[in-house]
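Student: Got a structure for you, written out below as C-alpha cells; questions coming shortly.
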Amino acid sequence: MIIRCALINTTGPGNPLGVDLPTYAMLTDDATVRRAFVDVPSADVPADVQAFVIANPVADLTSPLPNPFPSSLARSWQDHLARRYDLGEAKWKPVVA
Amino acid sequence: MRVSSYAVARPAFYDRNAAGFISSYNSNPGPHGETTRVTVTVAAGKKHSVEVMGLQLIRDTAPSATVFSAVRAYITPSGGTSTKFVELDLFSTVVNTTNTFYVPPPITLYPADVMIYNTVDSSTGGTITYNLVYKSTIFDA
C-alpha cells in the first residue's frame, strides 16, 4: 500500500536519505519537507496502521496529515516489523508523516 | 520384494508456497543527495530467488554544470557488511545519454539479507530518469 512516510538520514551504505522500513519502493520524495510516498508490502503494515492511513488520506507531500500519527500506532508498527523479520526487537521505526 | 526409501526430496523452490515480488523506482528527480529508492529485506522463514535486477539512468534535461550522477546497488548478507556490487555513473550533460545494466541471475537472498538501490545526482540543474527494477520469487526457506 502507498503511505506517506518521514524521510530520515539512514545508517545504510552511503548514509542516504530514506524511509525507515525494511522493504519499500519510493514513488516521490521531497528532501526539504522530509517526506516521501512509498509503496510498502501490505504484509509489512499492521491492520491498525493500515486503518489510520486509509482514514487520513493525503494528496501531496506538503499538506499536513489530517490527524497526527499516534505514538501507539508507531509502536505497533515497530513490533509488527520486528516479529515479521524475526528480530526480537524494533530495528525499524517508520512514521506516517 | 520391492525396497524403496521413505526419503523424499523437497519440492522445487517454486513449489514451496512461492509468490512473485516486484519492486521498482521510475522517476526523474533533479539533483539530490544519496537517497534510497528501493530496498528489499528478506522476511524470516523466506528466501528470494532473484530474476531481474535492472538499473538505468537517462539524461532528460541538461544541467548547467555536472559533477556526476549514479545508481548504486548494495547487498548486505544477514549479519554481514554492505557490499556495493554495482555502480552506474553518468557524467554527460548530453540529453538522452543512457547507462543501463542488468545484473545476471541467479542470485539467492536469504532471511534478513538486504538489497538496496540508491541514487545520487551532484549536478547543477537538469534532470535524470532512473529506471530501477527488482523482480524475485519469494518462497519458503
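Protein chains in written order, with numbering that gives the first Met the number 0: chain A, 0 to 96; chain B, 0 to 140. Cβ atoms here follow ideal geometry from the backbone N, Cα and C, with glycine treated the same way.
Under 7 angstroms Cβ-Cβ, which residues of chain A neighbour residue 111 of chain B?
Tutor: By one-based count along the second sequence, residue 111 of chain B stands at place 112. Simply 84.
Student: Do the region 1-21 of chain B and the region 129-138 of chain B make contact, defined as three or more Cβ pairs closer than 8 angstroms?
Tutor: Touching, per the Cβ criterion.
Student: Is the CB-CB distance between residue 56 of chain B and residue 68 of chain B below 8 angstroms?
Tutor: As a working mapping, residue 56 of chain B is identified with position 57 in the second sequence. As a working mapping, residue 68 of chain B is identified with position 69 in the second sequence. Taking 8 angstroms as the Cβ cut-off, residue 56 of chain B and residue 68 of chain B qualify as a contacting pair.
Student: At a threshold of 7 angstroms, does residue 34 of chain A count as lining the ligand SAH (C-beta to nearest heavy atom)?
Tutor: For the ligand SAH, the structure offers nothing, since it holds no ligand at all.
Student: Tell me whether the beta-carbon of residue 28 of chain B lies closer than 8 angstroms to the beta-carbon of residue 126 of chain B.
Tutor: Indexing the second sequence from 1 puts residue 28 of chain B at position 29. Indexing the second sequence from 1 puts residue 126 of chain B at position 127. It is a contact, given that the beta carbons lie within the stated cut-off.
Student: If we count the other Cβ atoms within 10 Å of its Cβ and call it buried at 16 or more, is residue 104 of chain B buried or exposed?
Tutor: Position 105 of the second sequence, counting from 1, holds the residue named residue 104 of chain B. It is exposed - the Cβ of residue 104 of chain B has fewer than 16 other Cβ atoms within 10 Å.
Student: Hey, which unbroken runs of the beta strand (DSSP E) at 3 residues or more fall wholly within the region 41-99 of chain B?
Tutor: 45-60, 68-75 and 82-89, all fully within the region 41-99 of chain B.
Student: Between residue 77 of chain B and residue 117 of chain B, what straight-line distance do the alpha-carbon atoms span, to the nearest angstrom?
Tutor: Working through the second sequence from its first residue, we reach residue 77 of chain B at position 78. Working through the second sequence from its first residue, we reach residue 117 of chain B at position 118. C-alpha separation (whole angstroms): 19 angstroms.
Student: Just tell me which of A/95, A/16, A/83 and A/77 has its CA closest to the CA of residue 89 of chain A.
Tutor: Along the first sequence, read from residue 1 onward, the residue named residue 89 of chain A stands at position 90. Comparing Cα positions, the closest option is A/77.
Student: Strictly under 8 angstroms for the Cβ-Cβ distance: is residue 78 of chain A near chain B by that measure?
Tutor: Position 79 of the first sequence holds residue 78 of chain A. Cβ-Cβ to chain B under 8 angstroms: no for residue 78 of chain A.
Student: Can you tell me where the beta strand (DSSP E) holding residue 131 of chain B begins and where it ends?
Tutor: Position 132 of the second sequence, counted from the start, is the residue given in the question as residue 131 of chain B. Its beta strand (DSSP E) spans residues 126-139.
Student: Please return the same chain residues whose Cβ sits closer than 8 angstroms to the Cβ of residue 44 of chain A, not counting the five positions on each side in sequence.
Tutor: Here residue 44 of chain A refers to the residue found at position 45 of the first sequence. Cβ neighbours of residue 44 of chain A beyond the five flanking positions: 0, 2, 52, 76 and 79.
Student: Which bits of chain A does residue 32 of chain B rub up against, with CB to CB less than 8 angstroms?
Tutor: Here residue 32 of chain B corresponds to residue number 33 of the second sequence, with the count starting at 1. Under the 8 angstroms cutoff, chain A gives 15, 16 and 30.
Student: Quick one: residues in its chain with C-beta nearer than 7 angstroms to the C-beta of residue 40 of chain A, no 5 flanking neighbours on either side, listed in chain order?
Tutor: Taking the first residue of the first sequence as position 1, residue 40 of chain A is located at position 41. Within the same chain, residue 40 of chain A has close Cβ partners 22.
Student: Helix, strand or coil, according to DSSP, for residue 26 of chain A in the structure here?
Tutor: One-based indexing of the first sequence puts residue 26 of chain A at position 27. Of the three classes helix, strand and coil, the one that applies to residue 26 of chain A here is strand, per DSSP.
Student: With DSSP as the reference, identify every bridge partner of residue 123 of chain B, one or two as the case may be.
Tutor: Residue numbering aside, residue 123 of chain B sits at position 124 when the second sequence is read from its first letter. The partner list for residue 123 of chain B (beta bridge, DSSP) reads B/64.
Student: If the criterion is Cβ atoms closer than 8 angstroms, does the pair residue 64 of chain B and residue 122 of chain B meet it?
Tutor: Taking the second sequence and counting its residues from 1, the one referred to as residue 64 of chain B is at position 65. Taking the second sequence and counting its residues from 1, the one referred to as residue 122 of chain B is at position 123. It is a contact, given that the beta carbons lie within the stated cut-off.
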